[in-house]
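Its first residue numbered 1, the sequence shown is counted upward by one per residue in the working numbering.
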Amino acid sequence: MSHNEPVKEILSAKDLGEMLGMSEGAVRTALYRGQVGSRIPAPIRMGRSVRWVRKEVDRWLEEKSREAQADYPLQHGEGMGAPAR
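This is how it looks when you write it as structure tokens:
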């Protein structure tokens, strides 16, 4: 997706992969391996197709970001090569 295109509300595996920095194949592999929630957000079915609702993907990304911050809090340079006090 280029920056000039309108924001899509319904995303394909390719679109989701671009958002997550994954290939379309990696998205499909995660889906088929049952890694929904841990590696990719939950999809919806549209006939035989699998799609993602952009608002749900955005919420999932926010949740993953909060979890990562809780798991790896950085306090005044700790863990970033700063000398211990």
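Ideal Cβ positions, reconstructed from N, Cα and C, are used throughout, including at glycine.
Looking at C-alpha atoms only, which residue of 10, 57, 46 is the closest neighbour of residue 39?
Scanning 10, 57, 46 for the CA closest to the CA of residue 39 turns up 57.
Does DSSP put residue 33 in a helix, in a strand, or in coil?
Reduced to three states, the DSSP call for residue 33 is coil.
Leaving out five residues on either side along the sequence, give the residues of the same chain with a beta carbon under 6 Å from the beta carbon of residue 28.
Scanning its chain for C-beta atoms nearer than 6 Å, with the 5 sequence neighbours on each side dropped, one finds around residue 28 the residues 13, in chain order.
Rounded distance between the beta-carbons of residue 11 and residue 60, thought under 8 Å
Contact flag wrong, Cβ pair sits at about 12 Å.
Just to confirm my understanding: we take residue 43, look at its own chain, exclude 5 residues before and 5 after, and list those with CB closer than 8 Å. What are they?
Listed in chain order, the non-local C-beta contacts of residue 43 below 8 Å within the same chain comprise 31, 36, 50, 51, 52, local neighbours out to five positions each way being set aside.
Tell me where the beta strand (DSSP E) around residue 45 begins and ends.
Taken as a continuous stretch (DSSP letters only), the beta strand (DSSP E) holding residue 45 covers 44 to 46.
Taking DSSP as the reference, what is the three-state secondary structure of residue 59?
Helix at residue 59.
How big is the Cα-Cα spacing for residue 67 and residue 55?
Spanning the alpha carbons of residue 67 and residue 55 requires a straight line of approximately 18 Å.
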